[in-house]
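In the working numbering, the protein residues as written are 9 to 290.
C-beta atoms are modelled at their ideal positions from N, C-alpha and C, and glycine is treated no differently.
Everything on this sheet refers to the single structure shown next.
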Amino acid sequence: MADRTMRRIAVIGGGKMGEAIVSGWLAADEGAACDIVAEGVVVADPGEERRALLARRYGVTCVADASEVQVADMVVLAVKPQVMAQVLAGMRDSSAFAGASAGPLFVSIAAGLTTQRLESMLPRGARLVRVMPNMPLAIGAGASAVTAGANASQEDVELVAQLFGCLGQAVVVEEGLMDACCAVNGSGPAYVAAMIEALRDAGEAQGLPAETAEALALQTVLGTARLISETDQSPEEVRESICSPGGTTLAALAAMQEAGFSQVFAAGVDAAVRRSKELAQC
């Protein structure tokens, strides 16, 4: 598959992440995704209104059930982990569900489900790459972790990393690190959004209009991320450069640490890792 232009993509699950992947790949004008066109994409989703919206918005073919997918070079599994086994069982009569090296490359974005667990649901010898993306890929600013299944080639992994790199940034990691990736980049956008909410609410409590406080908080997060990324400074270096001895920032950070700032994030990531491991047993 890595040796030929891939045009036939089946996306199983037309929810927010499935749509974000489709829209991002179709919009790509360079890189590995630039050859993906609407005519080569089919999306399977049980929701009639959802199918109509996706077909109208992107010009892709939509079907109600994964078993209706007949041909695919790549099958993107974008359904919740709790229903993955049921979905894959329903695909067994589809010609797109062929096994071994002759079959499609399967790409799962389901949280928690390890490559080993997924391979037990797939035909023997099926090629699988697991990805943990996040929601900002909808605007081309995603962060995705990629890991190989037992039968995936290096070319398969590189291809998937390049495709998700078209939607932001993708890194290749070992399977054993995927639960941590789920907790950091997969769930991370929600942590950042919650932080913006909290900073907005704190500013409002000090007298700022809510809209002003939110605009300032949002731009501060955007600007700080760009500053770290574009100047190659570490987060520690940026933090230290802002803190003047005896100044307001040091006072704020000291109060935050006393209130458990770092411990809150550590507890959240730990809880997400535990839940990711629990999902693997679903």
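V74 vs A52 beta-carbon contact at 7 Å:
According to the sequence displayed, residue 74 carries Ala and not Val. It is a contact, given that the beta carbons lie within the stated cut-off.
- Message: Below 8 Å on the Cβ atoms is my contact criterion, and I expect S39 with R16 to pass it. Report the Cβ-Cβ distance as a whole number of Å.
- Response: According to the sequence provided, residue 39 is Gly. The question's Ser does not apply to it. About 18 Å separates the two Cβ atoms, so there is no contact after all.
Can you tell me whether D43 is buried or exposed, with buried defined as 16 or more other CB within 10 angstroms of its CB?
exposed
Give me the residue from S152, L145, G98, G184 with the minimum Cα distance to E27. L145
**Asked** In three-state terms, what does DSSP make of L85?
**Response** strand
Give the secondary structure of M203 by DSSP, where H, G and I count as helix, E and B as strand, and everything else as coil.
Annotated three-state conformation of M203 is helix, per DSSP.
query: From the DSSP output, which residues share a beta bridge with V154?
result: V139, V180
- Best match in A221, A191, D164 for proximity to V180 [C-alpha to C-alpha]: D164
Notebook entry, point to check: So the beta strand (DSSP E) F114 belongs to, where does it begin and stop?
Noted result: 113-116
Using DSSP's beta-bridge definition, name the partner residues of A52.
I20, V71
>> Three Cβ pairs or more, each shorter than 8 Å: is that satisfied between the region 21-36 and the region 85-99?
In response: Yes, the region 21-36 is in contact with the region 85-99.
Buried versus exposed, by CB contacts within 10 Å (16 or more), T220
So T220 ends up on the exposed side.
Margin query: When you compare the CB positions of A169 and V154, do they come within less than 7 Å of one another, or not?
Written below: yes
DSSP three-state assignment for N159, whether helix, strand or coil: Coil, per DSSP.
Discussion item. Would V45 and T69 qualify as a contact pair, given that the criterion is a beta-carbon distance under 7 Å?
Written reply: no
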